[in-house]
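In this text, residue positions in the sequence shown follow my numbering: the first is 1337, and each later residue adds one. Glycine included, each C-beta is placed from N, C-alpha and C at the ideal position. Report on the following structure.
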Amino acid sequence: MQKLEVFGASQLKGQIKISGSKNASLPILAATLLSNKKILLRNLPLVRDIETMKNLLESLGSKIKYKNKELIIDNTRQTKKFASYSLVKTMRAGILVLGPLLAKFGSAKVSLPGGCAIGTRPVDIHLKALARLGVKYKILEGYVHATAPIGLKGAKIKFPKISVGATENLIIAASFAKGITILSNCAIEPEIKDLVNFLNSMGCNIKWTAKRTIKIIGVKEVTETNYSVMFDRIEAGTYLIAGALTAGNLRIQNIIPSIIQTEIDTLRKIGAKIIIKKNEVQIIGNKKIKNLNIKTAPYPGFPTDLQAQLMVLLCKANKKSLIKEDIFENRFMHVAELNRMGAKISIKGNLATVEGSTNFASAELMATDLRASVSLILAALTAKGKSVINRIYHLDRGYENIEKKLKKVGAKIRRVN
1337 MQKLEVFGAS QLKGQIKISG SKNASLPILA ATLLSNKKIL LRNLPLVRDI
1387 ETMKNLLESL GSKIKYKNKE LIIDNTRQTK KFASYSLVKT MRAGILVLGP
1437 LLAKFGSAKV SLPGGCAIGT RPVDIHLKAL ARLGVKYKIL EGYVHATAPI
1487 GLKGAKIKFP KISVGATENL IIAASFAKGI TILSNCAIEP EIKDLVNFLN
1537 SMGCNIKWTA KRTIKIIGVK EVTETNYSVM FDRIEAGTYL IAGALTAGNL
1587 RIQNIIPSII QTEIDTLRKI GAKIIIKKNE VQIIGNKKIK NLNIKTAPYP
1637 GFPTDLQAQL MVLLCKANKK SLIKEDIFEN RFMHVAELNR MGAKISIKGN
1687 LATVEGSTNF ASAELMATDL RASVSLILAA LTAKGKSVIN RIYHLDRGYE
1737 NIEKKLKKVG AKIRRVN
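And the structure:
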């Protein structure tokens, strides 16, 4: 099994080009199932979750060519409606094929999802909303068995709470529903807007009518399209935090700065100097890091996917900080490993108290999930000596060539078997 060796302490300087967004690519890949024609997708990240979704689509009958971050999908003979546990178990986005399969065929059997071990992440919001479109479903032996006996019909649906996955699944499904669907209390993450742009490029009729309200007029078929996926804002945020943490000087490129304004504002509050250009953000870290109280929230709030990375940074702050996790339960699994490195973090429910003034010590570490694994790398970059991070398959689900990108800006890091 592979692991990473990190030799600290490092000061990161240079340029990092940000890859395409994993969290935008996955729903877009699922949405290609609506089509019976060829689709070209560009700027896909080379990460394991994309490979898993590609394998899932191929198991459903899609013919796919994948080369140089471009993917050509041919669904002219795609007829299968069964998404197996063996493919969905490692990735919660697997549930996103449910909407397009129901829209296209009127029935589907899809395994309940896996992914990171972060709380329960229930799919009941997806299923109850799909039921409003006319779907009948039952859950048997870990699978969702769903049918739409008379097809999908448009409806007015208000999500009981903001859910990224449910918003995506319903947008895709409602694109083929008869009549008009109004979705309210929608998630408004940039990745969802990228999905809407992709669907409209195929001929769907989707409009934002208010901040969290979407109007969808169902269509009967879609056209060919050529679409480039947006940048990965979580990867961008991770490297910005790395620059602040190591008192470095990094230029984060291939991005749209306005999309990560919350992250930029947060890093300015802790004392980093940030220079914004058209498609680039430069961060100059300050050796004196200010404390901060923050909570995770749906976009445009601070993203839960950067909570672990920010916690590492706040371990270096001059005073105590508080982090409230308001999106997922059980998302402090990195804390035990950070404390083994010398951090002083205590947890009570969804609130983490970070004491600050930590000098991380090198250690052998165990990654528990995708974002926790990268937080351990960040901590190891500041610790003198060699740290070893095990179970990095979590990392490979969401970060493209992370050790190569870090090496290029001065980190001493290597992958070993």
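Does the pairing of the stretch 1596 to 1603 with the stretch 1665 to 1685 give three or more beta-carbon distances under 8 Å? Under the three-pair Cβ rule at 8 Å, the stretch 1596 to 1603 does not count as touching the stretch 1665 to 1685.
Is it right to say Cys1452 is buried, meaning 16 or more other beta carbons lie within 10 angstroms of its own, or is it exposed? At Cys1452, the pLDDT of 46 sits below 50, so the modelled position is not reliable; the number obtained from the coordinates is stated separately. Cys1452 comes out buried.
If we count Cβ pairs, one from each stretch, closer than 8 Å, do we get three or more for the stretch 1392 to 1407 versus the stretch 1438 to 1451? Between the stretch 1392 to 1407 and the stretch 1438 to 1451 there are fewer than three C-beta pairs closer than 8 Å, too few to call the two in contact.
Just to check my reading of the structure: Ile1498 and Pro1634 have Cβ atoms closer than 8 Å, yes? What is that Cβ distance to the nearest angstrom? Contact between Ile1498 and Pro1634 holds, since their C-beta atoms are separated by about 5 Å, short of 8 Å.
Distance, Lys1353 Cα to Ile1606 Cα: Whole-angstrom Cα-Cα distance: 24 Å.
Three-state class that DSSP yields for Asn1372 in the structure shown: DSSP places Asn1372 in coil when its eight states are reduced to three.
Among residues of its own chain, excluding the 5 on either side of Leu1382, which ones have a beta-carbon nearer than 8 Å to its beta-carbon? Excluding residues within five positions, the ones whose Cβ falls inside 8 Å are Ser1355, Lys1405, Glu1736, Asn1737.
Tell me which same chain residues have a C-beta within less than 6 Å of the C-beta of Met1538, skipping the five on either side of it? Around Met1538: Val1558, Thr1559, Thr1561.
With DSSP collapsed to three states, give me the class of Gln1347. It is coil, neither helix nor strand.
Reference Gly1746, options Asp1705, Ala1653, Gly1579, Lys1684, closest by Cα: Answer by Cα proximity: Gly1579.
Drop a sphere of 10 angstroms on the beta-carbon of Gln1338, count the other beta-carbons inside from all chains shown, and report buried for 16 or more, exposed for fewer. So Gln1338 counts as exposed.
Who are Leu1687's beta bridge partners in DSSP? Leu1687 is bridged to Lys1660, Lys1684.
Should Pro1370 and Ala1439 be called a contact, given that it needs their Cβ atoms to be closer than 9 Å? Before going further, note that residue 1370 is Leu rather than Pro in the sequence given. Contact annotation: Leu1370 and Ala1439 have beta-carbon atoms nearer than 9 Å.
Rounded to the nearest angstrom, what separates Ile1486 and Arg1468 at their Cα positions? Rounded to whole angstroms, the separation of the alpha carbons of Arg1468 and Ile1486 is 13 Å.
DSSP three-state assignment for Tyr1729, whether helix, strand or coil: Looking at Tyr1729 - three-state DSSP - the assignment turns out to be helix.
Applying the criterion that 16 or more other CB atoms from any shown protein chain within 10 Å of the CB defines a buried residue, is Asn1622 buried or exposed? Result: exposed.
With three or more beta-carbon pairs closer than 8 Å as the criterion, would you say the stretch 1580 to 1587 touches the stretch 1708 to 1718? They touch, by the three-pair rule.
Would you mind giving the Cβ-Cβ distance between Gly1573 and Leu1628, rounded to the nearest angstrom? I have them listed as a contact below 8 Å. Actually they are not in contact, since the Cβ atoms of Gly1573 and Leu1628 sit about 15 Å apart, beyond 8 Å.
Taking the straight line between their C-alpha atoms, what separation do you get for Ala1703 and Thr1503? Spanning the two alpha carbons is a distance of roughly 30 Å.
Between the alpha carbons of Ile1386 and Ser1361, how many angstroms are there, rounded? Taking the straight line from one Cα to the other gives about 7 Å.
Between the alpha carbons of Val1710 and Lys1349, how many angstroms are there, rounded? Roughly 18 Å separates the two Cα atoms.
Just tell me which of Ala1429, Pro1636, Met1677 has its CA closest to the CA of Cys1651. With respect to the C-alpha of Cys1651, the residue from Ala1429, Pro1636, Met1677 having the closest C-alpha is Met1677.
Is the beta carbon of Ala1697 closer than 9 Å to that of Ile1508? No. Outside cutoff.
Mind checking whether Glu1739 and Val1724 have CB atoms under 9 Å apart? No, the pair does not count as a contact, with Cβ atoms beyond the cut-off.
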